[in-house]
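Presented below is the structure to which this report refers.
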Amino acid sequence: MSALSFSITPNPNPVSPETREERLKNLGFGRLFTEHMVQIRYVEGVGWHDARVEPYQSISLDPAASVFHYGQAIFEGFKAFSQEGGGVATFRPDANARRFQSSAERLAMPSLPEDVFVQAADLLIQQDQHWVPRRDGESLYLRPLMIATEAALGVRPAREYLFLLIASPSGAYFPKGVRPVSVWISKNYVRAAPGGTGDTKCAGNYAASLVAQRQANLAGCDQVVWLDAVKRTDVEEMGGMNLFFVYGSGKSARLVTPRLTGSLLPGITRDSLLTLAADLGYATEEGTITVDDWRRGVDRGEITEVFACGTAAVITPVGEVKSDSGSFLIHGGETGPIAAELRQRLLDIQYGRRPDEHGWVHRVI
Ligand code: PLP
Ligand code: COI
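Numbering-wise (this note's numbering), the sequence shown opens with residue 13 and increments by one.
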């Protein structure tokens with residue numbers, strides 16, 4: 013049981029059911045927010061306190077708050093799904109809570125207990141339950157974050173922090189839905205180096221990625237693929253997603269994903285798919301794939317599909333790969349059968365259409 017008790021202040025000006033239904037039409041990703049949020053404060057020597065579910069609102073911070081200067085900011089992303097038979101469930105929120113703790117540790121921030129993290133999400137979802145979308149492909153995206161709020165310019169870990177949790181009714185992450193994406197292999201920028209913060213969800217990783225994402229867009233691509241920082245040969249991950257490479261086809265296919273070297277994010281979708289692929293009878297492997305292996309494997313017909321996976325985008329096939337040394341298509345630029353099968357299997361569990369054999373579904377309502 014959590015040692016924190018939350019005060020709950022309902023929004024005094026709730027939107028009408030008609031307006032809400034109108035806003036829930038045409039969902040994109042992360043543009044619409046619900047009517048409540050969670051705040052929890054931390055002060056060194058006092059600990060976590062003042063836990064609140066309250067109306068969604070702006071926050072006010074001192075301009076000297078250290079998050080603005082030295083960037084102690086971490087976040088998470090997970091989803092709540094309307095269940096087939098009614099009710100709402102989140103997917104593996106405990107895993108997100110633990111990754112939030114390891115991000116906090118790397119950034120010298122305080123650890124939020126796992127049960128408080130999960131409880132905060134449960135309370136927010138219960139308060140905003142009418143904002144959980146009900147159509148297939150839609151969900152309530154939950155975005156927990158923690159920032160350093162102490163007003164102090166000395167370079168050291170802050171002594172005060174704010175945990176926030178907001179929720180966004182969301183549809184497909186990519187505007188073109190589940191159509192395959194094109195990727196740009198970034199050779200002049202790196203996302204993360206050994207000993208750095210690549211295996212955490214800290215805001216700075218994303219800030220550092222944006223110029224390469226823009227370069228990818230200028231090259232006509234949807235996403236950037238990151239290589240290792242030292243040799244610049246090994247594929248690490250893609251934008252905000254992990255990657256899987258399918259060797260062979262049918263039931264003898266083998267799924268390979270880059271091993272966790274410390275500079276890529278240990279994705280919860282990646283971890284779930286390693287299990288689900290094995291359930292479906294595929295061999296799985298965490299290994300090293302170089303850009304040359306990728307190009308040669310596709311040329312020789314050994315690599316038959318490549319797909320990206322993450323909370324926001326679920327499974328998104330990679331249809332085309334470009335770099336300064338040329339381009340090639342994968343699976344004719346179309347979605348392959350194994351990506352489609354795994355996507356269906358994962359979504360069926362998340363929406364409660366299949367039994368949850370791995371204890372991943374956390375019932376909220
Ligand atoms: N890699 C990066 C850089 C990400 O931001 C994400 C998204 O959270 C992922 C991978 C996929 O992780 P998950 O499956 O836990 O969402
Ligand atoms: C997610 O998949 O939840 C992410 O955090 C990726 C991106 C939106 C940052």
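Ideal placement from N, C-alpha and C gives every residue a C-beta, glycine not left out.
Near the ligand COI: residue i beta-carbon under 7 Å from a heavy atom
i: Lys323; result: Before going on, a small fix: residue 323 reads as Thr here, not Lys. For the ligand COI, at least one heavy atom lies less than 7 Å from the Cβ of Thr323.
i: Gly89; result: yes
i: Tyr218; result: yes
i: Gly210; result: no
Classification of residue i by the beta-carbon crowding that lies within 10 angstroms, buried from 16 upward
i: Ala85; result: buried
i: Ser56; result: As written in the sequence, residue 56 is Glu, which differs from the Ser given in the question. When all chains shown are included, Glu56 counts as exposed.
i: Lys213; result: buried
i: Thr300; result: exposed
i: Asn108; result: buried
i: Arg146; result: exposed
i: Phe340; result: exposed
i: Asp311; result: exposed
i: Met13; result: Interpretation of Met13 is limited by its pLDDT of 48, a score under 50 that renders its predicted location unreliable; no figure is taken from the coordinates.
i: Pro24; result: exposed
i: Asn229; result: exposed
i: Ser275; result: buried
i: His61; result: exposed
i: Ser28; result: exposed
i: Arg43; result: exposed
i: Pro367; result: exposed
i: Ala290; result: exposed
i: Asp148; result: exposed
Cβ-heavy atom distance, residue i to the ligand PLP, below 7 Å
i: Arg226; result: no
i: Thr328; result: no
i: Thr281; result: yes
i: Asn254; result: yes
i: Glu249; result: yes
i: Leu359; result: no
i: Leu277; result: yes
i: Lys263; result: no
i: Lys188; result: no
i: Lys37; result: no
8 Å contact criterion, which residue i and residue j should meet: CB distance rounded
i: Ser151; j: Ala76; result: Actually they are not in contact, since the Cβ atoms of Ser151 and Ala76 sit about 38 Å apart, beyond 8 Å.
i: Thr269; j: Phe256; result: 5 Å
i: Gly322; j: Gly252; result: 6 Å
i: Ile20; j: Ala132; result: Their Cβ separation, rounded to whole angstroms, is 12 Å, which puts Ile20 and Ala132 out of contact at 8 Å.
i: Ile377; j: Gln227; result: Not confirmed; about 44 Å, so no contact.
i: Trp196; j: Ser335; result: 7 Å
i: Pro192; j: Gly89; result: Rounded, the Cβ-Cβ distance is 22 Å, inconsistent with contact.
i: Ile315; j: Val258; result: 7 Å
Straight-line Cα distance separating residue j from residue i
i: Leu136; j: Gly98; result: 18 Å
i: Asp74; j: Ala164; result: 10 Å
i: Asp127; j: Asp106; result: 8 Å
i: Arg282; j: Gln225; result: 22 Å
i: Ala5; j: Glu34; result: With the chain covering 13 to 377 only, the question about residue 5 has no answer from this structure.
i: Gly40; j: Val144; result: 14 Å
i: Gln139; j: Arg64; result: 12 Å
i: Gln235; j: Arg307; result: 18 Å
i: Val237; j: Val303; result: 10 Å
i: Ala320; j: Pro125; result: 30 Å
i: Val242; j: Leu286; result: 27 Å
i: Glu30; j: Thr46; result: 15 Å
i: Gly371; j: Leu288; result: 13 Å
i: Ala162; j: Ser180; result: For clarity, residue 162 is Glu in the given sequence; the question names Ala instead. About 28 Å.
i: Arg355; j: Pro349; result: 10 Å
i: Thr209; j: Ser115; result: 8 Å
i: Glu96; j: Ala184; result: 19 Å
i: Ala351; j: Gly344; result: 14 Å
i: Glu249; j: Leu239; result: 7 Å
> Any chance the segment 200 to 210 sits against the segment 356 to 365, with 3 or more Cβ pairs inside 8 Å?
Replying inline: no
> Touch check for the segment 277 to 297 and the segment 313 to 333: three-plus C-beta pairs under 8 Å?
Replying inline: yes
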